[in-house]
Amino acid sequence: MAYRYRSRRSVKRLARRSRRNFLITIIIIAILLYSTLMWILPNFIGGIGFVKNVIKPSQNNSNQSSDTLALAPPVLNIPYEATNSAQIDIKGFGTPTSKVKLYIDDESSQTIGVLSDGSFIFENVTLNLGTNNIYGKTVDDKGQESLPSKTIKLQFDNETPSLSINEPEDSKVVQGGDKKVRVSGKTEPGVKVFINDMQIIVGGDGNFSTDQPLNEGANTISIKAVDAASNTNELQRRVNYNP
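Numbering of the sequence shown is given in numbering that gives the first Met the number 0, commencing with residue 0 and proceeding in unit increments.
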């Protein structure tokens, strides 16, 4: 009898515990559903929108980069490394019917159209004194610019090179001997020296020396220094030779 009574009490306790656990489970599920509807789901949807906004600009930037890469840069042709002219013409080739923008030291200089044969020419381009870094970009009808062309370094120098003559002195008289006279002097390093239009060897420090043959009687010796920009400095010496 007592055993049956204890069993009934145990069953009642288990039933109460099961109902309590069931109610707790229902409450937890309700809280989770409420949180999902009020916070998790809206934030999830907002996150999807944010990702889309991030991806779209990236795709636009990618398309712009592709357009830039699709444009071939122009080819500039400057057949010298230095000039003494403040203004020059620059020829080149590019994509037919496009435009080419010229840059000097990263500053936009001129923009011209490319002819149907792909050629173009920039006229009267003004240079900066010293080194000019010159390059061009192709521009399409949408205003998109290509990558820059190969940069060309061009030196603008309008100063004449220094030149001094050590020997012979002017109006020198040479008597007998080997019918020649020593000509020596100094100019700037890298400058070419011509004596009577014949180029001679110049040392790395700008010094030069050579023997110049003489004719009987009066001789005029022309010594000319020419730098990379074709600036010229010329001196003359008169030498008389008597056999």
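Glycine included, every Cβ here is placed at the ideal spot set by N, Cα and C.
The Cβ atoms of G216 and P188 lie no closer than 8 Å to each other.
For T159, no beta strand (DSSP E) segment is defined, and its DSSP state is neither H nor E. Y102 sits in a strand when the DSSP states are folded into three classes. Of the residues assessed, I220 falls on the buried side of the cut-off, its CB having 16 or more other CB atoms within 10 angstroms. When DSSP states are grouped into helix, strand and coil, Y134 belongs to the strand group. Taking 8 Å as the cut-off, the Cβ atoms of D156 and D226 count as close. For the pair K179 and Q211, the Cα-to-Cα distance works out to about 5 Å.
Your pair S161 and S183 does not check out as a contact, with CB atoms roughly 15 Å apart and the cut at 8 Å. For V124 against S107, the beta-carbon gap comes to about 12 Å, at or over 8 Å, which does not count as contact. Of the residues assessed, A224 falls on the buried side of the cut-off, its CB having 16 or more other CB atoms within 10 angstroms. Taking the Cβ atoms as the reference, L146 lies roughly 15 Å from I133, outside the contact range of under 8 Å. When the alpha-carbon of A85 is set against those of P78, V99 and E122, the nearest one is in E122. With a threshold of 16 other beta carbon atoms within 10 Å, T186 meets it and is buried. With respect to Y102, V173 sits apart: the two C-beta atoms are not nearer than 8 Å. Spatial neighbours of I151 in its own chain (CB-CB distance under 8 Å, excluding positions within 5 residues in sequence) are listed in chain order as L75, I77, N132, I133 and Y134. Taking the CA atoms as reference points, G93 sits about 35 Å from E158.
For V138 against K90, the beta-carbon gap comes to about 18 Å, at or over 8 Å, which does not count as contact.
Taking 8 Å as the cut-off, the Cβ atoms of I199 and V190 do not count as close. Counting only the Cα atoms, K136 lies some 6 Å from S148. Within its own chain, the residues whose Cβ lies closer than 8 Å to the Cβ of I222, once the five positions on either side in sequence are excluded, are L162, I164, V182, G184, V192, F193, I194, E233, L234, Q235 and R236, listed in chain order. Between the alpha carbons of I120 and T231 lies a distance of about 29 Å.
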